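Take a look at the structure below.
Numbering (this note's numbering), first residue to last: 1 to 435.
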């Protein structure tokens with residue numbers, strides 16, 4: 001016991017010294033063991049199963065243990081696209097089962113975070129789900145699917161027990177945001193295959209026994225996902241002005257009052273802080289990596305007098321609000337651009353912005369995984385609606401980075417910048433539970 005206490009004290013002192021000196025201290029293996037645990041991390045393992053763990057990389061659970069489905073042997077099912085329920089108790093994810101005839105059945109599964117209750121709840125031959133977004137009540141799930149014989153995507157709602165499903169709409173591209181009531185959403189889509197951003201439409205949709213889809217008669221600018229305020233009274237979209245440029249516009253949930261927040265150049269992506277005080281956005285030009293732009297803030301404490309402020313965060317490719325609404329974690333293009341002349345791999349910098357003081361803490365540089373660069377970064381504004389990389393207590397971040405031995409590593413980052421990144425496990429698409 002004395003030995004353990006000694007190590008704990010040394011770890012605490014090291015953390016304190018690092019904070020004072022602005023240096024990152026190496027992590028003791030004991031630190032992750034004894035630090036207070038916060039929520040759970042879900043990820044796709046190297047064997048294409050879904051796992052959960054704590055931030056120390058311990059208490060690892062294979063959620064997709066197929067013996068729960070009455071199978072004595074694996075049935076060639078691989079899993080991807082995990083998403084946490086808002087209450088942090090359940091998971092939804094997509095499974096791909098290859099048949100003997102080389103056909104692939106794509107289904108939606110749910111399970112508890114501890115691995116219990118694995119169940120297939122949605123499977124239709126003509127639909128292939130690829131994005132999962134829980135409704136606020138944690139009792140229903142919305143999902144986006146590719147379709148057979150139709151060039152458009154389709155959005156469905158499925159009950160958590162699989163007893164009911166409802167098709168809401170079709171379109172390509174297709175983005176949406178739920179209001180806190182779980183009955184209202186804003187869709188941004190086009191019904192014409194091949195349509196590009198800027199030639200799409202916005203609708204206010206009410207779901208129930210029937211679907212009521214009301215066009216907002218707003219001409220969208222170059223943006224992807226709309227966003228609701230945490231209280232559900234307003235939502236924000238991008239609109240085109242008469243000169244062909246763009247503006248961010250705040251709209252009442254009823255679709256009535258409209259207020260211009262700021263002009264935007266090129267494409268925009270935005271998100272509302274969870275405390276409702278601010279909106280963060282980037283605007284810039286699309287690239288092969290997704291959109292890259294400067295990060296800006298809009299203070300909405302006085303909704304009638306929004307205050308726009310710039311930050312020193314440039315070259316931003318994705319960002320995520322913390323749970324308290326006072327900090328933003330963002331990924332930006334690294335100064336080195338590529339890792340080296342041989343591999344030609346892309347490098348990102350991870351930083352945290354304190355939105356009140358303007359202070360920026362540089363946390364680490366990383367080589368992003370293919371899953372991050374092809375799935376998350378280009379659509380990070382939609383993933384903001386359904387997932388987070390922040391721990392529930394806002395102390396840590398979970399990221400995906402290529403390790404020195406070229407494996408997809410899952411790293412836990414201390415958001416204060418006082419400790420070096422901790423390799424917790426291997427896999428892709430890690431997300432933290434909200435609770």
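Quick reminder that beta carbons are idealized off the backbone N, C-alpha and C, glycines included. Small disclaimer: the values here were computed from a predicted structure and weren't measured.
Distance between residue j and residue i (C-alpha atoms, nearest Å)
{"i": "residue 96", "j": "residue 107", "result": "7 Å"}
{"i": "residue 149", "j": "residue 92", "result": "26 Å"}
{"i": "residue 427", "j": "residue 397", "result": "16 Å"}
{"i": "residue 402", "j": "residue 368", "result": "6 Å"}
{"i": "residue 22", "j": "residue 418", "result": "Bear in mind that the predicted position of residue 22 carries a pLDDT of just 43, short of 50, making it unreliable; the figure below should be weighed with that in mind. Near 7 Å, if we compare the C-alpha coordinates of residue 418 and residue 22."}
{"i": "residue 164", "j": "residue 349", "result": "44 Å"}
{"i": "residue 203", "j": "residue 263", "result": "22 Å"}
{"i": "residue 98", "j": "residue 79", "result": "12 Å"}
{"i": "residue 111", "j": "residue 431", "result": "16 Å"}
{"i": "residue 364", "j": "residue 219", "result": "40 Å"}
{"i": "residue 279", "j": "residue 328", "result": "11 Å"}
{"i": "residue 216", "j": "residue 243", "result": "20 Å"}
{"i": "residue 273", "j": "residue 122", "result": "32 Å"}
{"i": "residue 170", "j": "residue 153", "result": "6 Å"}
{"i": "residue 235", "j": "residue 306", "result": "14 Å"}
{"i": "residue 36", "j": "residue 412", "result": "14 Å"}
{"i": "residue 52", "j": "residue 41", "result": "5 Å"}
{"i": "residue 338", "j": "residue 267", "result": "Because the pLDDT of residue 338 is 42, which lies under 50, any placement of that residue in the model is unreliable, and the number read from its coordinates should be weighed accordingly. Each residue's Cα considered, the two are about 24 Å apart."}
{"i": "residue 390", "j": "residue 331", "result": "14 Å"}
{"i": "residue 352", "j": "residue 260", "result": "28 Å"}
{"i": "residue 172", "j": "residue 130", "result": "14 Å"}
{"i": "residue 205", "j": "residue 176", "result": "10 Å"}
{"i": "residue 341", "j": "residue 277", "result": "Bear in mind that the predicted position of residue 341 carries a pLDDT of just 38, short of 50, making it too unreliable to give a figure here."}
{"i": "residue 83", "j": "residue 387", "result": "6 Å"}
{"i": "residue 424", "j": "residue 157", "result": "34 Å"}
{"i": "residue 155", "j": "residue 141", "result": "10 Å"}
{"i": "residue 128", "j": "residue 144", "result": "8 Å"}
{"i": "residue 120", "j": "residue 138", "result": "17 Å"}
{"i": "residue 435", "j": "residue 238", "result": "31 Å"}
{"i": "residue 60", "j": "residue 319", "result": "28 Å"}
{"i": "residue 440", "j": "residue 347", "result": "It is not possible to answer for residue 440, since the shown part of the chain is limited to 1 through 435."}
{"i": "residue 135", "j": "residue 232", "result": "14 Å"}
Residue range of the alpha helix (DSSP H) that includes residue i
{"i": "residue 381", "result": "380–386"}
DSSP-derived helix/strand/coil call for residue i
{"i": "residue 101", "result": "coil"}
{"i": "residue 137", "result": "coil"}
{"i": "residue 83", "result": "strand"}
{"i": "residue 375", "result": "helix"}
{"i": "residue 370", "result": "helix"}
{"i": "residue 92", "result": "strand"}
{"i": "residue 40", "result": "coil"}
{"i": "residue 46", "result": "coil"}
{"i": "residue 224", "result": "coil"}
{"i": "residue 179", "result": "coil"}
{"i": "residue 435", "result": "coil"}
{"i": "residue 131", "result": "strand"}
{"i": "residue 246", "result": "strand"}
{"i": "residue 51", "result": "strand"}
{"i": "residue 113", "result": "coil"}
{"i": "residue 63", "result": "coil"}
{"i": "residue 391", "result": "coil"}
{"i": "residue 252", "result": "strand"}
{"i": "residue 231", "result": "coil"}
{"i": "residue 126", "result": "coil"}
Terminal residues of the beta strand (DSSP E) in which residue i lies
{"i": "residue 120", "result": "119–122"}
{"i": "residue 357", "result": "First-last for residue 357: undefined, no H or E at that position."}
{"i": "residue 431", "result": "428–432"}
{"i": "residue 202", "result": "201–207"}
{"i": "residue 212", "result": "211–215"}
{"i": "residue 58", "result": "That residue, residue 58, is in no beta strand (DSSP E); it is neither H nor E in DSSP."}
{"i": "residue 187", "result": "184–189"}
{"i": "residue 239", "result": "234–240"}
Distance cut-off 7 Å: residue i Cβ against heavy atoms of the ligand ATP
{"i": "residue 103", "result": "Looking for the ligand ATP in the displayed structure turns up nothing, as the structure carries no ligands at all."}
Does the stretch 395–406 come close enough to the stretch 101–115 that 3 or more CB-CB pairs lie under 8 Å? no
What are the start and end residues of each continuous beta strand (DSSP E) run of 3 or more residues lying completely inside the stretch 259–345, in chain order? 267–272, 278–287, 290–299, 307–310, 316–321, 327–338
Counting Cβ pairs, one atom from each stretch, are 3 or more of them under 8 Å apart for the stretch 379–398 and the stretch 309–316? no
Give a yes or no on contact between the stretch 238–258 and the stretch 347–364, applying the rule of three or more CB pairs nearer than 8 Å. no
I'd like to know if the stretch 221–233 and the stretch 184–192 are in contact, where contact means that at least 3 CB-CB pairs between them fall below 8 Å. yes
At 3 residues or longer, and completely inside the stretch 138–173: list those beta strand (DSSP E) runs for me, N to C. 140–147, 150–159, 165–171
Within the stretch 396–427, note down every full beta strand (DSSP E) run reaching 3 residues or more, in order along the chain. 396–402, 408–414, 422–426
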